[in-house]
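A short write-up of the structure that comes next.
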Amino acid sequence: MREIHHIQGGQCGNQIGAKFWEVVCAKHGIDVSGKYTGDSELQLERINVYYNEASGGRFVPRAVLMDLEPGTMDSLRSGAYGQIFRPDNFVFGQSGAGNNWTKGHYTEDAELIDSVLDVVRKEAENCDCLQGFQNSSYFVEWIPNNVKSTVCDIPPTSLKMASTFIGNSTSIQEMFRRVSEQFTAMFRRKAFLHWYTGEGMDEMEFTEAESNMNDLVSEYQQYQDTTADEGEKSRIS
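Oh and the sequence shown: position 109 is 109 in the UniProt record's numbering, straight run, nothing missing.
Printed below as a string of structure tokens:
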């Protein structure tokens, strides 16, 4: 049976992760104490993908929960499914990033990352057939207008079937374009720049990020124009 290691980090990531585990637990018939209370053998057939089976018939999520401050972890623990997680897999700091991602990346997070990797390594070593980590760094090679879909024969509660649809469209460039325009306007005035350079970030990294964003927009536009030209040629022919 393949096994997946789930990692969630930061306030947003942990809030999304909490909802994710709530849905997965409902899907597999796992209650708030980690006990199976479902009514179908299919719910247990692939449960080891996301869960480790502990003593007493409890199922524990194969998850690492991390943040730079304890508040998010406290909120998770006090939530409906907060007690099903392995206590040692909560990894957190004491100060937080204060909405400054540079502080999290260069200073606070650098001090925490070794502890996180130790927990991840321990979970990976306990797996028999580790398939991968949920936060994969890529999906597919460049495909400008692509659709991926999957159908699962183990449906959510009260449904007969589950499906997932992922689409990629060149229209997403409009969002990147707006972000780039707003970033450029602020960067020219060096607005808030000192908060980031003060934590060790080089100003050239902002210039590089701006260039990468513009290249991404141009690439989307290029494929959009190419697709339009091909469609025009096919109608003419």
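Ideal Cβ positions, reconstructed from N, Cα and C, are used throughout, including at glycine.
Note to self: I'd like to check one pair, Phe192 with Val217: are the Cβ atoms closer than 7 Å?
What the structure shows: Taking 7 Å as the Cβ cut-off, Val217 and Phe192 do not qualify as a contacting pair.
Note to self: What would DSSP say about Lys35, mapped onto helix, strand or coil?
What the structure shows: Correct three-state label for Lys35: strand.
Check: Would you call the CB atoms of Arg58 and His5 closer than 7 Å?
Finding: Not a contact, by the Cβ cut-off of 7 Å.
Check: How many angstroms separate the CA atom of Ser75 from the CA atom of Gln221?
Finding: Going by the C-alpha atoms only, they are around 43 Å apart.
Check: What separation, rounded to the nearest whole angstrom, lies between the Cα atoms of Ala97 and Gly200?
Finding: Roughly 14 Å between the two C-alpha positions.
Checklist line | Short Cβ contact (7 Å threshold) for Val60 with Val119 | finding: Not a contact, by the Cβ cut-off of 7 Å.
Notebook entry, point to check: Would DSSP call Leu68 helix, strand or coil?
Noted result: When DSSP states are grouped into helix, strand and coil, Leu68 belongs to the coil group.
Checklist line | Residue environment, Phe85, which counts as buried when at least 16 other CB atoms sit within 10 Å | finding: Counting Cβ neighbours within 10 Å, Phe85 comes out buried, since at least 16 surround it.
Item checked: Alpha-carbon spacing of Arg77 relative to Lys122, whole angstroms -> As the crow flies, the alpha-carbon of Arg77 is around 21 Å from that of Lys122.
Notebook entry, point to check: So, do the segment 38-53 and the segment 10-28 have three or more beta carbon pairs nearer to each other than 8 Å?
Noted result: Touching, yes.
Next item on the list: Output the distance between the C-alpha atoms of Gly167 and Asp225, rounded to the nearest integer angstrom.
Entry: Spanning the two alpha carbons is a distance of roughly 19 Å.
Check: Do Ser180 and Met204 have their CB atoms nearer than 7 Å?
Finding: Cβ atoms of Ser180 and Met204: not closer than 7 Å.
Next item on the list: Could you tell me which residues DSSP pairs with Asn52 in its beta bridges?
Entry: For Asn52, the pairing in a beta bridge is given by DSSP as Val60.
Notebook entry, point to check: the ligand ATP heavy atoms versus the CB of Val60: any closer than 6 Å?
Noted result: This structure simply doesn't include the ligand ATP, nor any ligand for that matter.
Check: Does the distance from the CB of Gly56 to the CB of Gln43 come in under 7 Å?
Finding: Taking C-beta atoms as the reference points, Gly56 and Gln43 fail to come closer than 7 Å.
Notebook entry, point to check: From which residue to which residue does the alpha helix (DSSP H) around Glu174 run?
Noted result: Looking at the DSSP string, the run of the alpha helix (DSSP H) that includes Glu174 is Gln173 to Arg188.
Notebook entry, point to check: Would you call Met66 buried or exposed, if buried means 16 or more other Cβ atoms sit within 10 Å of its Cβ?
Noted result: Here Met66 is buried, its C-beta having at least 16 other C-beta atoms within 10 Å.
Note to self: I'd like the span of the beta strand (DSSP E) that includes Gly167, first residue to last.
What the structure shows: Residues Ala162 to Asn168.
Item checked: Simplified DSSP assignment, three categories, for Leu159 -> DSSP places Leu159 in coil when its eight states are reduced to three.
Next item on the list: Can you grab the Cα-Cα spacing for the pair Gly82 / Ser211, in whole Å?
Entry: So the two alpha carbons sit approximately 42 Å from each other.
Margin query: Just to check my reading of the structure: Glu3 and Cys129 have Cβ atoms closer than 8 Å, yes? What is that Cβ distance to the nearest angstrom?
Written below: That belief holds up - the Cβ atoms of Glu3 and Cys129 are roughly 6 Å apart, short of 8 Å.
Check: So which of Asp109, Gln94 and Lys19 has the shortest CA-CA distance to Ala80?
Finding: Nearest C-alpha to Ala80 among Asp109, Gln94 and Lys19: Lys19.
Next item on the list: Return the bridge partner residues of Glu3 from the DSSP annotation.
Entry: Looking at the DSSP assignment, Glu3 forms a beta bridge with Leu130.
Notebook entry, point to check: Roughly how many whole angstroms lie between the Cα atoms of Asn99 and Gln173?
Noted result: If you take the alpha carbons of Asn99 and Gln173, they lie about 26 Å apart.
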